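K.L.:
Before we start, here is the structure in question, set down as structure tokens.
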Amino acid sequence: MNAQRVGVMALRRAAAKPSMALVAPSIARGLIVRSALQAQALQSRAITTQKLSHDEANKVLASQRLNRPVAPHLTIYDPAQIWYGASIMQRYTGMAYAGALYAGSLAYLAAPLLGWHLESASLVAFAASLPVAAKVGFGKADIAKATNAIWVASVIGSLGLALLW
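Set out below in structure tokens:
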């Protein structure tokens with residue numbers, strides 16, 4: 001935000017007093033007249049500050065806190081309204097990932113004390129075995145059944161549309 005303000009201030013100063021070193025005198029006079037008119041149109045105000053005591057600063061901070069928005073709680077979502085589904089599911093998956101990260105981190109820290117084997121090599125071996133576990137878990141037979149079901153559904157849908165026309 002400060003960089004943006006500095007840039008705007010620099011542009012205002014450049015508009016108010018353009019550099020005349022590289023322009024012809026006739027162009028310079030036009031620029032001076034135009035910059036004088038623009039300088040009158042620019043708004044400026046002096047910056048004022050006041051010294052606050054510690055107690056006054058705390059009161060200002062407390063009043064600002066009262067005006068801050070509060071993050072919505074999970075109970076505001078109505079399950080009947082399906083357009084909130086993506087938002088609530090994103091929140092649930094975020095909580096699940098954060099919980100898994102915390103649980104894994106705590107388990108990694110507590111492993112030496114509890115005698116568990118959660119060294120880096122075993123974690124890498126676990127991550128490397130996930131694709132194999134997915135293939136075994138889903139199985140090629142299940143994938144073939146799902147593919148056949150999709151083909152059958154599309155053929156039946158196409159025949160139904162052909163008969164309706």
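Using full-length UniProt numbering, you'd call the opening residue of the sequence shown number 1 and step up by one each time.
Note that beta-carbon positions come from the ideal geometry of N, C-alpha and C, so glycine has one too.
These figures come from a predicted structure and were not determined experimentally.
Going by DSSP, what residue range makes up the alpha helix (DSSP H) through residue 58?
P.N.:
Note, residue 58: alpha helix (DSSP H), 54 to 66.
K.L.:
Could you tell me the boundaries of the alpha helix (DSSP H) in which residue 131 lies?
P.N.:
120 to 138
K.L.:
Assign residue 4 to one of three DSSP states: helix, strand, or coil.
P.N.:
helix
K.L.:
Taking the CB atoms as reference points, tell me whether residue 101 and residue 111 lie closer together than 7 angstroms.
P.N.:
no
K.L.:
Hey, how far is the Cα of residue 105 from the Cα of residue 58?
P.N.:
Their backbone Cα atoms lie some 37 angstroms apart in a straight line.
K.L.:
Just how far apart, CA to CA, sit residue 151 and residue 161?
P.N.:
15 angstroms
K.L.:
May I ask you to report which of helix, strand or coil DSSP gives residue 149?
P.N.:
helix
K.L.:
Return the chain-ordered list of same chain residues with a C-beta closer than 8 angstroms to the C-beta of residue 127, the five sequence neighbours on each side being excluded.
P.N.:
none
K.L.:
Between residue 60 and residue 52, how many whole angstroms is the CB-CB distance? I'm expecting something under 8 angstroms.
P.N.:
7 angstroms
K.L.:
From residue 163 to residue 142, what does the alpha carbon distance come to, in whole angstroms?
P.N.:
32 angstroms
K.L.:
Which same chain residues, not among the five before or five after residue 129, have their C-beta less than 8 angstroms away from its C-beta?
P.N.:
none
K.L.:
Output the distance between the C-alpha atoms of residue 21 and residue 13, rounded to the nearest integer angstrom.
P.N.:
Bear in mind that the predicted position of residue 21 carries a pLDDT of just 49, short of 50, making it unreliable; the figure below should be weighed with that in mind. One C-alpha to the other measures close to 16 angstroms.
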